[in-house]
Structures are given as structure tokens and as C-alpha cells.
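There are 2 protein chains.
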Amino acid sequence: METTQPSGILSPAVTAFTGQFEIDAERTVAHFQWLLKQGCDALVVFGTTSEANSLSVTERKNFLEYAISNGIDPRKLLPGTGCCSLPDSVVLSKHAIGLGCPGVLMLPPFYYKAVSDEGLFRYFATLIERVGDDRLRIYLYHIPPISQISISFDLIERLTTEFPGVVIGIKDSSGDWEHTRQLIERFASGGFRVFPGSEMYLLPALRAGGKGCISAFANINPGLLQEVFQKWQRPEAESLQEEAQRQGRALRKYPVIPALKSILAESRNDPGWETVRPPLVPLSAAQREELIAELGAAMRQ
Amino acid sequence: METTQPSGILSPAVTAFTGQFEIDAERTVAHFQWLLKQGCDALVVFGTTSEANSLSVTERKNFLEYAISNGIDPRKLLPGTGCCSLPDSVVLSKHAIGLGCPGVLMLPPFYYKAVSDEGLFRYFATLIERVGDDRLRIYLYHIPPISQISISFDLIERLTTEFPGVVIGIKDSSGDWEHTRQLIERFASGGFRVFPGSEMYLLPALRAGGKGCISAFANINPGLLQEVFQKWQRPEAESLQEEAQRQGRALRKYPVIPALKSILAESRNDPGWETVRPPLVPLSAAQREELIAELGAAMRQ
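Protein sequences, first through last, are from chains W and R. Be aware that the first sequence starts at 124, since it is given in our numbering, and climbs by one per residue. Be aware that the second sequence starts at 124, since it is given in our numbering, and climbs by one per residue.
Here you go:
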């Protein structure tokens, strides 16, 4: 039986921490429940926005098990499992698939720079062999502004040819609509599932043949994005998309992860949400005040 | 009792892998023994050149224990312990210090980009608190071409002021002599131990008040660098340094890690040394031939 793959609005869900920078599993799962109720079709647990790269392998495994055993449907989870080291990525991918998640989002290994497509191909090929599970489905994660490592069209071509039905999609966080458009044009007809990594391109992506979006902004207003997704073929989609872009732009004036957490702290009246794990820092009081003035009202709708 | 801190020629030792990309512990330890016999004062196990960021925490711990129980003196090891995640860096640092290593080389967390000095300070401060071992000695690792995260002079000032005797040195792999010179000028008089990350600046660093160098090139010709170190106050140091630079430049025409491994494979007649873990790839046959033609003779001395 083929697992259903997620479409629509996916949130790379933020992770709550205690004052001692430990994962606050209970508060994080409550956020997951809110996101799914408010209109997220699925959650990317352990994305960039989740501060996943500041978590250890053990923390990730334990938290994923906690979330599932506390009522989060694993079929709604697409965990990020790409690390710098092949064995870590193998362990996390195996674990997520074993728990019933429909797929994983894979960063390329990101420490060594200027690596070749051949090296990345060997990395993914070895990973697929080592995971050794027919259920494995991989979404590539193209986020050159942060990882500094590109997933080239040639690499996608080679991976989808060698591993059809395994390498099945991509999150494109290039921030470049033309790149996303070309990805869809070149690969979507073969069933490749393209998600822009921002709400900015949700409507254009849906019109071109993309599957939705995976957007940090979905942490605070998934309902608005879900409305765009539901109505994308109707005229009112345009103004909904414009409103999403307006709010998204307001958010992105600040460091996104602490800004999201400030909004959650405000809208839930729960200052504990402000905590980020180092090397990130919370917003300054002045930044927080400005942000809330601009976005607080929309969030409390 | 204060542990003696290493000075002189430190090699960020390469890691041998089996054909299945597993650590070949026996072959790696044999290389460590060769390096110490040939003139290395100490070894940076798990540096960039060691492909450390392609290894899991468990692999690093197991291999370090293996090396020490197979005769490598822990007082000669300065393990790299800086990871993206605070808990991983804590576990590795605690482990290395507990085994009797005199210090650790710490990359800053390198996934999130454009992080603030305040965020990095919180990271190191939390790490020091969590390791909670009076024996902890930290060498910062400044390698912006790869990590993309700088260790600023302000950050060093703050860390050495808040944690005197704990944050005691730096490996400067900026590749910029002026940066290394300023580091020495500003911090060496307070006892801060500055090592350029390349043989190119060994002699200038020693003359300015640096402690030696930590150089990938030391994997293949540590004897030459040790001679520069021994004779740095004598006139012949100049021509020895020039020869080291000539050989170093020849090496750096190629991707350094696979190039080092090709030279080891050639000089030891052991093709197994060619293996690198993905995402790295070995040199092409043509690259290998050129490199050996230029450097093979010097290496077989």
C-alpha cells in the first residue's frame, strides 16, 4: 500500500524550549495540535525553523516518539533528517520511516563547501542503500542561503532516474521564484512534488503545478494559507495571496525564528515561547514591540 | 596540576575509511603513530581535514577511545568537538577532557548563518557550564571559508575575560596573514595561544609570538615543518619555510583532503587510503598523476 504523500500547507513547526534550553515536548506538541487544527495539512518537524540543526540525534528521536505517542498522527509528519554526517542521516531517516512517517526532508551534508554533484549523489545513494526500507520517500531540501549547498537540476535528474519513487520531491527555499518555476516545469510532470519554501510563491506554485508550500509563516497563520490553497482556482485567491504576502513580509523584517516565537508568546500569553537555543537569540524588546504592533492583530483573529 | 598545552607542529590528522566508508581505526592509528614519530608535536583528531563533520558523535567517541587504548598518548591529542548542536558539543568535549586530552578545538555552531556574537557567546558560555570540568581548555576554531561563521575579536575578548584559563587559544584558518598577525598582537601577550591554520604562515607566526601551526600539510611532511619550528630563530629557517610553502602550494592546487589521501596511498603503497566519505570524492586519475609527479618525491624522502 502506497502511503499518501502530503500536499497543501506544511508548517516547519517551531520547537519550544525550557529556560534551560531543553526541548519542551509538551508545549511543542500542543503547538503541533494547534497547527493541524488551524489548517496545516502536515508538519515538517525538524526543519530549519524548528532549530533542528541545534538538536542532537537522540533529542530528535526521543521527541518524535513523544509527539507520536501523544496523539500526533505520524502520517502528518515529514521529519527533517539530513545532517552533516551520513550515519546520522541514516539513523534519523530509518527511525522516521519506521514510525510511519510518509517521507523525510533531507538537507544535503552542509559542512564541506563546493562539493560536487557526484559527491552528493554518492551521499544520497549510500543513504538509500543503508536505510534499506522500501517505504523510504525523500524530499530534497534546497536552501542555499543557509546550507550553502545547492541541489542542482542535474543531481535531481540523476537521483530521480536512479531512485524513482524514492526521491519524490523537493522543498525549494532558494527564495527565487524563477528557480521554483523551472523545477516545476522540468520535473513535476514526472510526479516530482515541488514545494516552495515560502508563502510568497504559494499561489504561483499551485498554478504552475506545485503541491503547496512549506512555509515558516504557517506557524502563525496557517488558516490564511489554507484558504489560498482551497480557493486557488477562484478569483478571490489573488487577494488572499496578497494578504499572506503582506503578513509574510512583515515577519521577514526580523530574524524569522525568534520573530515567530515572539508572536506565539504574545498570542498565547506564554512568555516561555520566546526561548531559542543558542546560537540564536530572542528579539530585542524594541523589535518585539514593533513586530507585535504590525502582526499581532492578524494573529489573534 | 596544569596540563601542558601543545606547541609547535600540530596535524589535523586524516581519517582512513574502509571501502564501505566506515572508520578504519587500525590504519588511522598507524598514521597517528607515524605523524608523532615524524615530528608532529600533537594531533588535532577530528578537524576539518579529518572529515570529522562527516562522522557521528558515537563514531568520534568510539574512535578516540580506540586510539588511546591503542597507544596514542591522550596528552598529544586536541580533538575537534564543535558541532551544530550544543548537546553534541558538550558530550564530545566532556568525553575528550575526561580521557585526558589537554584541550579541545571548537568550531562555532555552523548551520545558522549571520548569527550574532551574543548568540555565539551564549553558546560557548552554556557549553562551559554544562561540561562543568575544571580541566576544560578551549581553542576556538576560526575557519570562515568553510564554517561561514567568524570568531570576532570582540567575541574572543569577551570569552577570554569571562572564562580566563578556559578559552585559551585559537586556530586561525582565515587564510589571511594580516588577521593572524592582529590576533597575535592583540591577544598573545595575555597568554592566548594562536596557531595559523596553514604552514604558509608558520615562520611569520613564530616570529610574531604565535605557538606553531595546525596544518593539513603536516599529514604528509611533518618533518619539514618541525625543522622550521626547531630553527625558527636561525637564518636557514627562511629557506625551509620557502620549501614548505612550495610544497603546500602544490598540494592546495587540488581538493586538499583527497589530495592528502592520494599521497598517503602512493607513499605507503596502500590504495585503501584513497577512500573519502561522501560528500567528498577522491581525486580523478589525472589529478592524482599530476599531484604525485609534483609532490611524490618530496614525500618519499
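All C-beta atoms, glycine included, are put in the ideal place defined by N, C-alpha and C.
Selection from the options that minimises the alpha carbon distance to residue i
i	options	result
Thr283 (chain W)	W:Leu250, W:Pro267 and W:Gly314	W:Gly314
Thr204 (chain R)	R:Gln368, R:Thr151 and R:Glu182	R:Glu182
Val168 (chain W)	W:Ser177, W:Ala136 and W:Lys184	W:Ala136
Val289 (chain W)	W:Ile251, W:Arg309 and W:Ala311	W:Ile251
Pro287 (chain R)	R:Ala248, R:Lys334, R:Lys217 and R:Ile272	R:Ala248
Thr151 (chain R)	R:Arg411, R:Leu418, R:Glu417 and R:Glu397	R:Glu397
Phe318 (chain W)	W:Leu187, W:Phe155 and W:Leu228	W:Leu228
Ser297 (chain R)	R:Arg316, R:Gly320 and R:Ile279	R:Gly320
Phe140 (chain R)	R:Arg245, R:Leu418, R:Ile415 and R:Pro394	R:Pro394
Glu322 (chain R)	R:Leu159, R:Leu187 and R:Glu361	R:Glu361
Leu259 (chain W)	W:Asp164, W:Ile220 and W:Glu280	W:Ile220
Pro327 (chain W)	W:Glu308, W:Phe340 and W:Ala339	W:Glu308
Thr185 (chain W)	W:Asp147, W:Trp157 and W:Leu209	Note on identity: in this sequence residue 185 (chain W) is Asn, with Thr being the wrong assignment. When only C-alpha atoms are compared, the closest one is W:Asp147.
Ala367 (chain W)	W:Ala339, W:Arg357, W:Ile380 and W:Tyr377	W:Ala339
Glu285 (chain R)	R:Ala311, R:Trp300 and R:Phe244	R:Phe244
Leu278 (chain W)	W:Leu325, W:Leu263, W:Lys199 and W:Leu178	W:Leu263
Trp300 (chain W)	W:Gly333, W:Ile291, W:Arg281 and W:Ser270	W:Gly333
Asp295 (chain W)	W:Arg281, W:Ile266 and W:Pro197	W:Ile266
Pro268 (chain R)	R:Leu230, R:Leu158 and R:Gly194	R:Leu230
Gly242 (chain R)	W:Glu417, W:Ala416 and W:Arg400	W:Arg400
Phe155 (chain W)	W:Leu178, W:Ser312, W:Leu187 and W:Ala311	W:Leu187
Val379 (chain R)	R:Glu359, R:Leu414 and R:Trp355	R:Leu414
Leu325 (chain R)	R:Lys354, R:Phe310 and R:Ser312	R:Lys354
Gly226 (chain W)	W:Leu201, W:Tyr246, W:Tyr234 and W:Ser208	W:Leu201
Thr127 (chain R)	R:Trp157, R:Arg198, R:Ser208 and R:Leu383	R:Arg198
Any C-beta of chain W under 9 Å from that of residue i
i	result
Asn222 (chain R)	First, the amino acid is wrong: residue 222 (chain R) is Leu here, not Asn. No - not a single Cβ of chain W is within 9 Å of the one on Leu222 (chain R).
Thr151 (chain R)	no
Glu241 (chain R)	yes
Ser246 (chain R)	According to the sequence provided, residue 246 (chain R) is Tyr. The question's Ser does not apply to it. Chain W contact via Cβ: present.
Thr181 (chain R)	yes
Thr171 (chain R)	yes
Pro197 (chain R)	no
Asp147 (chain R)	no
Asn342 (chain R)	no
Pro402 (chain R)	yes
Val289 (chain R)	no
Thr249 (chain R)	yes
is_contact[residue i, chain R] using C-beta, thresh 9 Å
i	result
Glu285 (chain W)	no
Val137 (chain W)	no
Ile269 (chain W)	yes
Phe144 (chain W)	yes
Lys294 (chain W)	no
Val254 (chain W)	no
Phe310 (chain W)	no
Thr204 (chain W)	no
Leu228 (chain W)	no
Phe276 (chain W)	no
Asn185 (chain W)	no
Asp299 (chain W)	no
Residue burial classification, residue i (beta-carbon count within 10 angstroms, cutoff 16)
i	result
Ala237 (chain W)	exposed
Gln364 (chain R)	buried
Ala409 (chain W)	exposed
Asn176 (chain W)	buried
Glu145 (chain W)	exposed
Glu350 (chain R)	buried
Arg330 (chain W)	exposed
Gly223 (chain R)	exposed
Thr303 (chain R)	buried
Arg357 (chain R)	exposed
Ser270 (chain R)	buried
Pro381 (chain R)	buried
Gly292 (chain R)	buried
Ser312 (chain W)	exposed
Ser192 (chain W)	exposed
Residues of its chain near residue i, where Cβ-Cβ distance is below 8 Å and the 5 sequence neighbours each way are ignored
i	result
Met422 (chain R)	Ile343, Asn344, Ile386, Glu389 and Ser390
Ser275 (chain R)	Asp240
Ser173 (chain W)	Pro135, Ala136, Val137, Thr138, Val167 and Gly203
Val180 (chain W)	Cys206, Asp211, Val214 and Leu215
Gln305 (chain W)	Phe276
Arg281 (chain W)	Asp240 and Phe244
Ala190 (chain W)	Ala148, Thr151, Val152, Phe155, Val168 and Leu200
Residues near residue i in its chain [Cβ-Cβ closer than 6 Å; skip 5 each side]
i	result
Gly170 (chain R)	Pro135 and Gly203
Ser130 (chain W)	Lys334 and Gly335
Contacting residues, own chain, Cβ-Cβ under 7 Å from residue i (five flanking each side not counted)
i	result
Ile132 (chain R)	Gly162, Cys163, Asp164, Gly335, Cys336, Ala341, Pro345, Leu348, Gln349 and Phe352
Lys217 (chain R)	Val254 and Asp256
Review point. So, do the region 362–372 of chain R and the region 402–409 of chain R have three or more beta carbon pairs nearer to each other than 8 Å?
Key: no
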